[in-house]
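A.B. asks:
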Amino acid sequence: MQYNSKAPRVGDAILKDIWSNVYDPSEYLPTEDELSRRYCVSRMTLRKGLSILEKEGVLVKIPNCGTRISSELKLPGRSEPGAPGKIRIAAVVTTFPDLLSMEVTRGIRQFADAHNCDFVLLQSARNQDEVLTELVKTGCSFDGFLLLNSFCDGRRIDAAVKALKVPVVYVDKIPHGVDAPVVSADHFAGGYLAASHLLKKLGRPIFFFCESAEISSLQLRFAGFSRAMDDYGFSAKGHQISFDLVSEEYLSEKRQSNAFAAAEKLLSEVKFPCGIFAANDYLARIIATVAAQRNLELGKDLLLVGFDDLPFAESMKISSIRQDRAGIGREAAEQLLGMIEGDCRVSFSKLLPVQLVERVSSGGDEKDKTLPSQEKKEIEKK
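To get my numbering, take the position in the sequence shown, counting from 1, and add 85.
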């Protein structure tokens, strides 16, 4: 089995530069030779990285011309003033945008375009509460907000949201202690589905590999993992392998260094065969890389499942939990529009179904196999 870890990394680097407006979306990207030199990789590795971004809809390859940024991609700092009388909604993203958040943003814009709403993406390195507080000071010109991947303190952001005096919907994650509508994938079901898949294959306790962070989606994935362990007659105690964060930028080498150390320690101590449910695909990629360095065979010595089903999971044959990323964005925008228009029936949270895509890493064959999805749930907030 091949582990093309350089290709996903160069894809991440190009994506970061795209989001930082290094490349002009009205022009073609530099040549492959120039990009290869810029990112210090071979042309073959570069092409694999570009292919990942093409599959995700970030880039478009035009035969005999070159590659350019997709016109469907909404980049920060390029918003235009809205038309008078139109409903204006904004999405606030204050973390480094990965492919997951970009696809969610695309779904939001699709809904906004279909319903004649102005949509603006607000990208900032500051915390969301700071961005919202600044909007209050300068005068809020939006009718509602969608807050993506909220990690900041619940009390501060709750105060900022109340000061805005407009509807707000959280997307994917919600800060601890905040009582507000949230639209996300069913993280609990995803955790249960991944863990039960591994437990059924192995018939012995498995491990949950994650960061030490109070993130709502992460906690729900672990809760699903714990329920599956309990249903199979095992205790989750002692089977959560976590490590401390060392950097705010998710894809930085500094932040991932602790993850590599934790993965190396885990794989040096466990008995094989063993199963690991990684909290996301980035961590699954780290596990797979360390496993390859130790000459362990995925699907036999080590059974591995990630979460998010990012493009590199397919290329590395890593089983993963798939969520409808664009669908989350559309549902969240629909929820927000209903609240803006005064429809009290929509002020509840929604969970969208997930699927397990079985690949080689968890004992599947070379052809992807999608397990039946969970029923879509709508859970009214108490």
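Each residue gets a CB set at the ideal place from its N, CA and C atoms; glycine is no exception.
Enumerate in chain order the residues of its own chain whose CB-to-CB distance from A363 is below 6 Å, with the five nearest sequence positions on each side excluded.
C.D. replies: Close CB contacts of A363 within its chain, under the 6 Å cut and outside five residues either way in sequence, are with F294, A369, I372, G391 (chain order).
A.B. asks: Under 8 Å Cβ to Cβ from D366, same chain only, skipping five residues before and after it: list those, please.
C.D. replies: G391, F392, D393, D394, L395, F397, A398, I403, S405
A.B. asks: Hey, out of D243, V263, V177, Y108, whose CA is closest to S434's CA?
C.D. replies: S434 has its Cα closest to that of V263, out of D243, V263, V177, Y108.
A.B. asks: Please classify G360: does DSSP put it in a helix, a strand, or coil?
C.D. replies: strand
A.B. asks: Check whether the Cβ atoms of L441 and L278 lie closer than 7 Å to each other.
C.D. replies: yes
A.B. asks: How would you write the range of the beta strand (DSSP E) that I174 sits in, first residue to last?
C.D. replies: Bounds of the beta strand (DSSP E) holding I174 are 173-178.
A.B. asks: Should the region 100-111 be regarded as contacting the region 137-154, the criterion being three or more beta carbon pairs within less than 8 Å?
C.D. replies: Verdict: yes, contact present.
A.B. asks: Return yes when the Cβ of N343 is within less than 7 Å of the Cβ of F357, no when it is not.
C.D. replies: Contact flag unset, no.
A.B. asks: Taking the C-alpha atoms as reference points, what is the distance between G162 and Q208?
C.D. replies: Any reading at G162 is ruled out, since the residue's pLDDT is 49, under 50, leaving its predicted position unreliable.
A.B. asks: Compare the beta carbon distance of F310 and P290 with 7 Å and say whether it is the shorter of the two.
C.D. replies: No, the pair does not count as a contact, with Cβ atoms beyond the cut-off.
A.B. asks: I need the DSSP call for V118, collapsed to helix, strand or coil.
C.D. replies: It should be noted that the sequence gives Asp, not Val, for residue 118. It is helical.
A.B. asks: Mind checking P252: buried by the 16 CB within 10 Å criterion, or exposed?
C.D. replies: buried
A.B. asks: What number of angstroms, rounded off, separates the C-alpha of G449 from the C-alpha of L287?
C.D. replies: 13 Å
A.B. asks: Hey, out of E219, L120, K258, N234, whose CA is closest to A244's CA?
C.D. replies: E219
A.B. asks: Is any beta-carbon of chain B found at less than 7 Å from that of A369?
C.D. replies: Chain labels in this structure do not include chain B; a single protein chain is all it has.
A.B. asks: What are the boundary residues of the alpha helix (DSSP H) that D409 is part of?
C.D. replies: Careful: D409 lies outside any alpha helix (DSSP H) and carries neither H nor E.
A.B. asks: Is it right to say S186 is buried, meaning 16 or more other beta carbons lie within 10 angstroms of its own, or is it exposed?
C.D. replies: S186 is buried by the Cβ-count criterion.
A.B. asks: For the beta strand (DSSP E) holding F392, just list the boundary residues, first then last.
C.D. replies: Unbroken beta strand (DSSP E) run through F392: 387-392.
A.B. asks: Please classify K146: does DSSP put it in a helix, a strand, or coil?
C.D. replies: Strand at K146.
A.B. asks: Where A280 and M314 are concerned, what is the direct C-alpha to C-alpha distance, given to the nearest angstrom?
C.D. replies: Each residue's Cα considered, the two are about 7 Å apart.
A.B. asks: Just curious, the beta strand (DSSP E) that F328 is in, first and last residue?
C.D. replies: 325-328
A.B. asks: Please specify which runs of the beta strand (DSSP E), each continuous and at least 3 residues long, are wholly inside the region 230-275, giving them in chain order.
C.D. replies: 253-256, 267-270
A.B. asks: Please name the residue, chosen from P438, M424, S446, V439, that lies closest to I174 on a Cα-to-Cα basis.
C.D. replies: M424
A.B. asks: Give the DSSP bridge partners of C295, in chain order.
C.D. replies: S327
A.B. asks: Let me make sure I understand the geometry here. Which of L144, S136, G229, P93 has the alpha-carbon closest to that of L421?
C.D. replies: G229
A.B. asks: In angstroms, rounded to a whole number, what distance separates the CA positions of C359 and M401?
C.D. replies: 19 Å
A.B. asks: Does the Cβ-Cβ distance between A248 and V221 come in under 7 Å?
C.D. replies: Yes, the Cβ-Cβ distance between A248 and V221 is below 7 Å.
A.B. asks: On a Cα-Cα basis, can you pick out the residue from K146, G96, A92, S447 that is closest to K285?
C.D. replies: S447
A.B. asks: What are the boundary residues of the beta strand (DSSP E) that includes D203?
C.D. replies: 203-208
A.B. asks: Could you compute how far the alpha carbon of N234 sits from the alpha carbon of P115?
C.D. replies: So the alpha carbons of these two residues sit roughly 32 Å apart.
A.B. asks: Are there 16 or more other CB atoms within 10 angstroms of the CB of K258, so buried, or fewer, so exposed?
C.D. replies: buried
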